[in-house]
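Mapping of the sequence shown onto this note's numbering: residues 1 to 577, in sequence order.
Okay, structure first, notes after.
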Amino acid sequence: MTTEVASKSRVSARPVLKAPRSLFNIIVAVVCFALAILILYPLAETVFSLLLGGESVIDAAQRVYGDPRLGVVLWNTAYLMVGSVGVAVVVGSLLAWLNERTNVRIGWASDVLPVMSLLVPSIAGSIGLIILFSPGVGYVNVVIGMLNDTLGIQLPELNIFTPGGMIFAYSVYLIPQVYLVVAAAMRNIDPAMEEAARVSGRKTFTILRTITLPAVRPAIISGALLALIYGLATFSVPLLIGTEAGIPVLTVEIVHLITLDFPPDLLGATLLSLILLAAVLLGNLVVRKVGASSRHSTIGGRPSGSSVLIFRPGARLFARALMLLYIVLSCILPVIALAYVAMQPFWNGQFTTQLNFNAFIGLFAEGSQTANALRNSVILGVVAATICVILGVLVTYHMGRTRRFSGVLSGIFKLPGIVSHLILAIALLSAFAGPPFNLGGTTTILLIAYVVIYFTYAAVTSEAAALQVGKDLKDASSVSGRGPAYTLRAISLPLMLPALAAGWVFVFVLAMGDITASAILAGPNSPVVGFTMLSLFQNSTYAQVTAFATVITVISSVVVGAVLIFTGRAERKKRRG
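Structure, rendered in structure tokens:
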């Protein structure tokens, strides 16, 4: 009798313990599938309408893939991506190691300096690099010419309009993405193995090569994928620099099929985008294979500590000088060039003291579109970044909890990262601008677009952060009777916070400086930075464009710097506690 009662008690107790877990899991699953529908619905509607168009898919494929120029375009795209992603992985991982695992740090500035180039919108940064490194009139080349004349030497000019110049320009915007993910992983490494290797007499770079880098291998691969996704979606660098250099790139070809052809060749652009899709899906497969391996570092029950590798004073000074050189070339000089040209009536490559602030004053004139655009973009950037990070955490949790549909969902969530943003913008316009939603020209459709387009970057960052959380901590929480919602909130999220903050920063900067979607979806009553920047670039002077870019950089710097500093302080406080 006692056994029967006890058995009934256990049976009746099960629903009480599992109900909250099931409810939370159901809510997360519903959110994930709703997000998948939000991504697929506009694309499916676009594909469906294209299939019903006049030209068949087979004829379009023969026309697009049979173009004799395609081989050259693919080759250019391939070597530019391999070169720039390779540079980004090496430099980004090195910067992360110097900041997080050595005594090279320069206080709070180390949290901000490696990602400063993200604060400049890509179209503004590209203009800044052109101002610096154009043959003849670029300010760096002007200085080189002055040195040659003064010292009687023959230093070569630095030409941005070359393959090497394009790889450098791409790398400027890809390095921070690798750095943000890898730095968060290195911050959480258990230092025991590094300490043991150091005690045994191993050299610093041997420890880096054999212990530190293998420990954060998933983060490095995820950072490379993030850089590849962003590089394939970027068109300001190949448009402004590649066009002048005579180096056609696949991204620009896709954009031209929509913007230069009449009527827009959506089917051709979609078929070309399939090449980008294949490249990123292959990269995603590599990331999942690496993540399935157990041979990498995780955050276990032991604290990571604050042990760092000690550089000698001379080596530390040299390492800091290299970090500062990177910052000067990638961010400080382009921003100074933008601000300097903004204070000139026109740019002619000459140094002048006849400067004024007329261009800046005009930006904030009463009722000006630029002031409204700045306000709208900041609000939309903050909201979109927050939504993307929350969704990224929930998606990562769902795919880590169950294998059902995880591969399909992962592929769907990567789609916005590799489909041309212009195609996504047109698809969203077609799906939501008219009846029954009637969201055309509103900030709501812009918010939807930013979430759909940039969610991929938050998802990749969240996935890398989740790989660093040890399973033992989650198992311990489950054994103690805690539900999945509590485990996620109290255990996983605090450990994932540095990487999630990095993802938030990335999405905020991209959304605030977005050009492609904004040019299609913004209206007179909802101006944003990208829409206004493109209008100024096409219809105004260099002074107005560079002044607007300078103000955007200042605003982005304040917001991003505050987030990174707050996160860094919270992390260090947690370690001391």
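Idealized CB from N, CA, C, for every residue including glycine.
Kindly indicate which residue of Leu564, Phe566, Phe548, Ala562 has the alpha-carbon position closest to the one of Val120.
In terms of CA proximity to Val120, Phe548 leads the group Leu564, Phe566, Phe548, Ala562.
Go ahead and pull the three-state DSSP assignment for Leu267.
helix
Residues near Cys32 by beta carbon distance below 7 Å, same chain, minus five either side:
Leu394, Val395, His398, Leu409
Whole angstroms are fine: how far does the CA of Gly71 sit from the CA of Ala316?
The amino acid at residue 316 is misidentified as Ala; the sequence shows Arg. Computed Cα separation, rounded: 46 Å.
Three-state secondary structure (DSSP) of Thr396
Correct three-state label for Thr396: helix.
Within 10 angstroms of the Cβ of Asp59, are there 16 or more other Cβ atoms? Answer buried if so, exposed if not.
So Asp59 counts as exposed.
Flag this pair as touching only if the region 116-130 and the region 334-348 have three or more C-beta atom pairs under 8 Å; answer yes or no.
yes
Considering only C-alpha positions, which residue in the set Gln177, Asp67, Val140, Val47 is nearest to Val509?
Gln177
Under DSSP, the alpha helix (DSSP H) around Arg320 begins and ends at which residues?
313-327
Which partner residues of Leu113 appear in the DSSP bridge assignment?
None; Leu113 has no bridge partner.
Out of Ile310, Val280, Gly128, which one is the CA nearest neighbour of Tyr542?
Among Ile310, Val280, Gly128, the Cα nearest to that of Tyr542 belongs to Gly128.
Let me check one thing: in DSSP terms, what residues is Thr102 bridge-paired to?
Leu309
Less than 8 Å between the CB atoms is what I'm expecting for Ser462 and Leu500, so what's the real figure, rounded?
7 Å
Go ahead and label Trp75 buried or exposed: buried means 16 or more other beta carbons lie within 10 angstroms of its beta carbon, across all protein chains shown.
exposed
Beta-carbon proximity list for Val287, same chain, < 6 Å, skipping 5 on both sides
Ile221, Ser222, Leu225
Is Ala339 near the ligand COA - that is, is its Cβ less than 7 Å away from at least one heavy atom of it?
Judged by which ligands are present, the structure shown has none, so any question about the ligand COA falls away.
To the nearest angstrom, report how far apart Leu429 and Val143 are at their CA atoms.
48 Å
Find out if the Cβ-Cβ distance for the pair Phe579, Leu94 is shorter than 8 Å.
There is simply no residue 579 to check, as the chain begins at 1 and stops at 577 in what is shown.
How long is the line joining the alpha carbons of Ala29 and Ser368, rounded to whole angstroms?
Ala29 and Ser368 have their alpha carbons spaced roughly 44 Å apart.
Take Val115 and list the residues in its own chain whose beta-carbon comes closer than 6 Å to its own, dropping the five residues that flank it on each side.
Pro176
Roughly how many whole angstroms lie between the Cα atoms of Ile247 and Gly530?
CA-CA distance, Ile247 to Gly530, rounds to 25 Å.
Give every residue of the same chain whose Cβ lies closer than 7 Å to the Cβ of Pro498, excluding the five residues on either side of it in the sequence, and list them in chain order.
Taken in chain order, the residues that qualify are Ala184, Arg187, Thr567, Glu571.
Let me know the secondary structure DSSP gives Ala60 once reduced to three states.
helix
Using C-beta distances below 7 Å, list every residue in its chain close to Leu439, excluding the 5 sequence neighbours before and after it, in chain order.
Result list for Leu439: Phe432, Ala433, Ile445, in chain order.
Among the candidates Gln154, Val419, Gly381, Val341, whose CA atom is the shortest distance from the CA of Tyr139?
Of the listed residues, the one whose Cα sits closest to Tyr139 is Val341.
What span of residues does the alpha helix (DSSP H) with Met512 cover, start to end?
Start and end: 493-512.
Can you say whether Asp149 is buried or exposed, counting buried as having 16 or more other CB atoms within 10 angstroms of its CB?
Flag for Asp149 reads exposed.
Check each candidate in Ser236, Thr204, Gly268 and name the one with the smallest Cα separation from Asp67.
With distances taken between Cα atoms, Asp67 lies closest to Gly268.
Contained alpha helix (DSSP H) runs [length at least 4] in the region 172-257, N- to C-terminal order
192-199, 204-207, 217-233
My output table needs one value for Asn159: the three-state DSSP class, helix, strand or coil.
coil
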